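1 is the number of the first residue of the sequence shown in the UniProt record's numbering; add one for each residue after it. Every residue gets a Cβ at the ideal spot worked out from N, C-alpha and C, and that includes glycine. Please read these numbers as outputs of a predicted model, since none were measured by experiment. Contents: one structure, followed by commentary.
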Amino acid sequence: MHDFQAIADRVEIEALRGEFTDAAMMRDYDRLASLFTPDGVLRMPNIPAELTGPEEIRAWGRRVPGFVEFLVQTTHPGVIRIEGDSASGRAYMQELGRLRDGRAEFNFAIYHDRYRRTAEGWRFTERVYEVRYHDATPLKGSPPPVDSGPGGTGI
């Protein structure tokens, strides 16, 4: 890869994916919604949810703390294919959480992504969450007390 623009694009797209995970973990749904184009879609068929545009994504995110006790996501980089001002890619996800009703969630999944270069940088035009492994076995552990650790309330 000798094209410096292609290298920069890949770095920016990887940073976009990192921002998504960080925003989800920090429950910063305003920031998460800002990572999508105005017509961007977030699809999570396993929930099921299909959210179009930043306002729907933001509104859904604001409801999440009402039904999710805690969530931990780990994203692993995947392929990125750039075609001018558009790109596609995949990111691999491991997710662990517990819902407020006590159900546990442990998933290995793939995000199938489409991106577009905008004046604000690369943004998601589509993000589809495909679960490849699901385990609902009750979790033995729990989150630490709210006031512990850096940042205090990251859960």
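In chain order, ALA23 place their CB closer than 6 angstroms to the CB of ARG31, counting only its own chain and leaving out the 5 sequence neighbours on each side.
The straight-line gap separating the alpha-carbon atoms of ASP39 and GLN73 is approximately 25 angstroms. By the 16-neighbour rule on beta-carbons within 10 angstroms, ASN46 is exposed.
Pairwise C-beta distances place the stretch 11-18 out of contact with the stretch 57-74, as fewer than three of them are shorter than 8 angstroms. If you compare the alpha carbons of PRO54, ILE82, LEU96 and ALA49 with that of VAL11, the shortest gap goes to ILE82. Residue pairing for ALA49: DSSP places it in a beta bridge opposite MET44.
DSSP places ARG103 outside both helix and strand once states are collapsed to three, so it counts as coil. Counting every other CB atom within 10 Å of its CB across the protein chains shown gives LEU42 a total of 16 or more, marking it as buried.
In terms of Cα proximity to VAL79, the closest of GLY53, ASP9 and PRO48 is ASP9. Only residues of its own chain outside the window of five on either side were considered, and among them VAL41 and ARG114 have a CB closer than 6 angstroms to the CB of GLU126, listed in chain order. For GLY121, the enclosing beta strand (DSSP E) has its first and last residue at 121-135. The alpha carbon of PHE124 has as its nearest neighbour, out of ALA91, ALA109 and PRO65, the alpha carbon of ALA91.
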